[in-house]
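*Asks:* In this note's numbering, the protein residues as written are 94 to 532.
1) Is there at least one non-hydrogen atom of the ligand FAD closer than 7 Å to the beta-carbon of residue 205?
2) Assuming residue 175 is part of the beta strand (DSSP E), what are its boundary residues?
3) Could you check what DSSP says for residue 492 in three-state terms: helix, strand or coil?
4) At the level of alpha carbons, what is the spacing between residue 161 and residue 168?
5) Tell me whether the region 388-395 and the region 332-342 touch, counting them as touching only if at least three CB pairs, one residue from each stretch, are closer than 8 Å.
6) Strictly under 8 Å for the Cβ-Cβ distance: is residue 148 near chain D by that measure?
7) When you compare only the Cα positions, how much space is there between residue 323 and residue 280?
8) Determine contact between the region 358-373 and the region 296-312, defined as no fewer than three beta-carbon pairs at a distance below 8 Å.
9) Evaluate residue 285 with the Cβ neighbour count: other Cβ atoms within 10 Å of its Cβ, from every protein chain shown; 16 or more gives buried, anything less gives exposed.
10) Take residue 432 as the anchor and find which of 223, 425 and 472 has the nearest alpha-carbon.
11) Which partner residues does residue 113 have in the DSSP bridge list?
12) Tell me whether residue 427 is buried or exposed, calling it buried when 16 or more other Cβ atoms sit within 10 Å of its Cβ.
13) If you compare alpha carbons, which of 120, 320 and 495 is closest to residue 453?
14) Measuring CB atoms only, is the region 166-186 touching the region 123-142, in the sense that at least three cross pairs come out at less than 8 Å?
15) Taking the C-alpha atoms as reference points, what is the distance between residue 207 and residue 198?
16) Let me know if residue 319 comes out buried or exposed under the rule of 16 or more other beta-carbons within 10 Å of its beta-carbon.
17) Using CA atoms only, rank isn't needed, just tell me which of 305, 420 and 407 is closest to residue 362.
18) So which of 430, 435 and 233 has the shortest CA-CA distance to residue 451?
19) Which of helix, strand or coil does DSSP assign to residue 195?
20) Comparing C-alpha positions only, which one of 465, 315 and 412 sits nearest to residue 443?
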């Protein structure tokens, strides 16, 4: 119940952003995190090793900008560290989107500062160029914010160089033109990558849709555990079970019914009844194996109780159908529990099936049973006699097995723990027949 409430709450909660935007932000986070780890490592090494060494040997120290470099390295290390510490705590889309926006804005200001220092000290702006292209390639962000920040940071860098360096060399050497051209290329690359991201997202959605359709077909043909194993290993291992409960249910007189009604009406009846059976199978957590004509086969590997209750519910479902549709359908069912082998056979149109004596005896329990009854073997009665009510049918001849003591499953016990009640006579007759069958 709690899971249902949580699921309903999550469906009711507003989703911020389109699916593409959410995918884009999540993808950016996955790409930015390792980049920030690398940036933190480089900035820390520069601050703790390279800067002290260059100051110690006299390479740095003559100009004011030299003293700003360690400060910039410290600011960069703090920038990367704060993102790495804060980012894992952001689970929602809106929070991650805002974090990326601040990260891009602060990064643009930080690298415009470094670009100014680099130009004044060495006439080089390659680090800023790397940042500009990295922001385009890594920070996948919807809207025009990324492009606006790229233009703004380039303008701020140009103004800063003009202010601190006079700008003569910056403009006469062609550096200003190169920076403007780089910004233009970044804008074009931004538009191209956004188009590619959209195409990639659409392709992933298409692949996921086709995979979901394929999985739906696979899960409809095979039990979920078997289908998952087939997806993982491309094969399914044959399994031997010491105790498998097998249930067969058959519509009595269906051949005559099919001969007396048009095919579409016959199929509609089968679909209605078997769809109800499918719902019950899923409810009880057992596995439908197959339908053969008007026969329905189910197995359970966790005891006979779920299948016994399923068989009772199936009879009740048919009665409900008859009352609703004015029909006169009857079913008979048979159950047995014993060893069996399960596996998938074939290369095309894979088929999950069960083999073994338990299957054969369960089929005989159904075919020798009576309409509206659930006939079970002595093994099923032994397992369920304290939980369900039975009536001993007596000894019947079972093809390939000889005489067997069988029972009709009637329903659940009114109170668990005793053999009193409607099935007491059945218990007595079973006790009398068992020694005779053993001989």
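Note that the Cβ used here is the ideal one computed from N, Cα and C, for glycine as well.
*Replies:* Inspection of the coordinates gives the following:
1) The ligand content of the structure shown is nil, which means the ligand FAD is not present either.
2) Element bounds for residue 175: not the beta strand (DSSP E) but the alpha helix (DSSP H), 157-179.
3) coil
4) 10 Å
5) yes
6) Chain labels in this structure do not include chain D; a single protein chain is all it has.
7) 47 Å
8) no
9) exposed
10) 472
11) Partner(s): none; residue 113 has no beta bridge.
12) buried
13) 495
14) yes
15) 14 Å
16) buried
17) 420
18) 430
19) helix
20) 315
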